[in-house]
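FYI, the numbering for the sequence shown is 1 to 332, going by full-length UniProt numbering. Accompanying notes for the structure given below.
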Amino acid sequence: MATDFKSLPVIDISPLLLKCDDPDMAEDPGVIEVVQQLDRACRDAGFFYVIGHGVSEDLIKKVREITREFFMLPYEEKLKIKMTPAAGYRGYQRIGENVTKGKPDIHEAIDCYREFKQGKYGNIGKAMEGPNQWPENPHEFKELMEEYLRLCTDLSRNILRGIALALGGSPYEFEGKIAGEPFWVMRLIGYPGAPFTNGKLENDVGCGAHTDYGLLTLVNQDDDKTALQVRNLGGDWISAIPIPGSFVCNIGDMLKILSNGVYESTLHRVINNSPLYRVCVAFFYETNFDAVVEPLDVCKNKFPAVRGESQVFKRAVYGEHLVSKVQTNFAM
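The following block contains the structure:
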């Protein structure tokens with residue numbers, strides 16, 4: 001359960017990454033320290049920064065820069081990869097097309113999802129079928145993003161090995177039937193600068209308050225604009241001030257269920273109060289698309305007793321959860 005945190009912790013995960021393929025990693029002093037920090041962060045805030053993650057700062061910046069190049073193109077050019085239901089909800093969406101709790105968000109985006117064969121997930125997956133729509137302009141967009149996706153997938157898996165240890169399980173609790181074939185989502189997002197009215201900046205809501213759907217999110221945000229805000233238990237909005245070269249990480253709804261509520265998927269929003277255009281690239285690491293998600297056995301007794309019995313969160317099928325969200329999030 002989130003607390004009245006006033007800032008987000010910064011975790012150097014390099015000791016974890018050094019041992020992440022070692023079956024005895026849980027005995028390493030460096031890993032133990034990282035695991036303890038992950039546990040505190042997931043309990044207290046559900047959000048944290050990671051440094052020492054092994055993804056080059058140069059690549060992190062290039063991903064934002066090429067995303068910005070795309071969003072600066074003429075509208076007609078961006079529409080060449082327009083998102084539609086027929087395209088599996090993959091591609092470009094204009095400003096105001098994404099909706100959070102009934103209100104349009106002031107951002108534009110490209111949505112990408114892990115591709116899968118037609119019919120693989122039956123009726124549940126039908127709405128998400130189709131190839132990703134990568135722009136031909138800027139040049140090398142697809143190649144750069146595919147390299148970035150590969151690194152983010154590996155990094156997310158390794159962070160989750162640490163979180164699995166933090167919950168008291170084996171490092172591999174989130175693999176196999178849960179996330180041995182992880183689905184992923186990537187949103188490349190552009191937020192217009194805040195407009196001036198009567199000489200004052202007006203703070204439009206770039207993305208309304210929400211929680212994320214899956215296991216773990218990696219946020220790559222502009223270094224010079226503070227816009228992401230996280231709500232603490234007292235209802236205050238705490239800014240995730242950019243730390244160059246870091247990722248902001250947060251846990252999602254599926255991890256909340258798997259942890260039986262020990263870890264919280266915390267509400268967050270985006271308000272770009274800068275007059276400058278802001279870019280953010282969010283990578284969402286998910287369970288298997290067809291995974292039936294329910295509390296891990298190791299977590300069922302970690303939630304405070306209710307009426308003499310441990311509370312057990314409901315189970316969910318991740319793909320159904322995702323599709324229901326996607327089909328209600330766009331004004332089409």
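Glycine included, every Cβ here is placed at the ideal spot set by N, Cα and C.
Thinking C-alpha only, which one of Y285, N272, G180, I178 is nearest T217?
As a first step, residue 217 must be located in the sequence shown, where it is residue number 217. When only C-alpha atoms are compared, the closest one is Y285.
So the alpha helix (DSSP H) T217 belongs to, where does it begin and stop?
Numbered from its first residue, the sequence shown carries residue 217 at position 217. No alpha helix (DSSP H) holds T217; the beta strand (DSSP E) holding it covers 216 to 221.
Pop quiz: I13 and G52 are said to be a contact at Cβ under 8 Å. What is the actual Cβ separation, rounded to whole angstroms?
For the purposes of this step, residue 13 is taken as the residue at position 13 of the sequence shown. For the purposes of this step, residue 52 is taken as the residue at position 52 of the sequence shown. Contact flag correct, Cβ pair sits at about 5 Å.
May I ask you to report which of helix, strand or coil DSSP gives A291?
Taking the first residue of the sequence shown as position 1, residue 291 is located at position 291. Coil, per DSSP.
Which term fits V293, buried or exposed, when burial requires 16 or more other beta carbons within 10 angstroms of its beta carbon?
For the purposes of this step, residue 293 is taken as the residue at position 293 of the sequence shown. Buried, since its Cβ has 16 or more Cβ neighbours within 10 Å.
Should the stretch 131 to 138 be regarded as contacting the stretch 223 to 236, the criterion being three or more beta carbon pairs within less than 8 Å?
No, they do not touch.
Report buried or exposed for P244, applying the criterion of at least 16 other Cβ atoms within 10 angstroms of its Cβ.
Here residue 244 is taken as the residue at index 244 of the sequence shown, counted from 1. With fewer than 16 Cβ atoms within 10 Å of its Cβ, P244 is classed as exposed.
Around the Cβ of Y75, are there at least 16 other Cβ atoms within 10 angstroms (buried) or fewer (exposed)?
As a position in the sequence shown, residue 75 is number 75, starting the count at 1. Exposed, by the Cβ-count rule.
Return the residue from the list K177, T67, T100, V326 that minimises the CA-CA distance to D290.
Stepping through the sequence shown from its first residue, residue 290 is reached at position 290. Measuring from the Cα of D290, the nearest candidate turns out to be K177.
Please state whether the Cβ-Cβ distance between G162 and L296 is less than 7 Å.
Counting from 1 along the sequence shown, the entry for residue 162 is found at position 162. Counting from 1 along the sequence shown, the entry for residue 296 is found at position 296. No.
Mind checking which residues open and close the alpha helix (DSSP H) that includes I81?
By one-based count along the sequence shown, residue 81 stands at place 81. Taken as a continuous stretch (DSSP letters only), I81 belongs to no alpha helix (DSSP H), as it is neither H nor E.
Distance, Cα to Cα, E320 vs N123?
In the sequence shown, residue 320 corresponds to position 320, counting from 1. In the sequence shown, residue 123 corresponds to position 123, counting from 1. One C-alpha to the other measures close to 10 Å.
Give a single yes or no on whether L79 has its beta carbon closer than 6 Å to a heavy atom of the ligand ADP.
Absence of the ligand ADP is noted for the structure shown, with no ligands found whatsoever.
Measuring only the C-alpha atoms, how far is I159 from L16?
Looking up residue 159 in the sequence shown gives position 159. Looking up residue 16 in the sequence shown gives position 16. Distance between the alpha carbons of I159 and L16 is about 8 Å.
Using the Cβ count rule (16 or more neighbours within 10 Å means buried), how would you classify K19?
Here residue 19 is taken as the residue at index 19 of the sequence shown, counted from 1. Buried, because 16 or more other Cβ atoms sit within 10 Å of the Cβ of K19.
For my contact list, M186 and L149 are in at a C-beta cut-off of 8 Å; report their separation, rounded to the angstrom.
For the purposes of this step, residue 186 is identified with residue 186 of the sequence shown, where counting begins at 1. For the purposes of this step, residue 149 is identified with residue 149 of the sequence shown, where counting begins at 1. Confirmed, Cβ separation roughly 6 Å.
Please classify L79: is it buried, with 16 or more other beta-carbons within 10 angstroms of its beta-carbon, or exposed?
The residue given as residue 79 occupies position 79 in the sequence shown. By the neighbour-count rule (16 or more Cβ atoms within 10 Å), L79 is not buried but exposed.
If you drop the 5 nearest sequence neighbours on each side, which residues of the same chain put their C-beta closer than 6 Å to that of V317?
Your numbering for residue 317 matches position 317 in the sequence shown. Around V317: V292.
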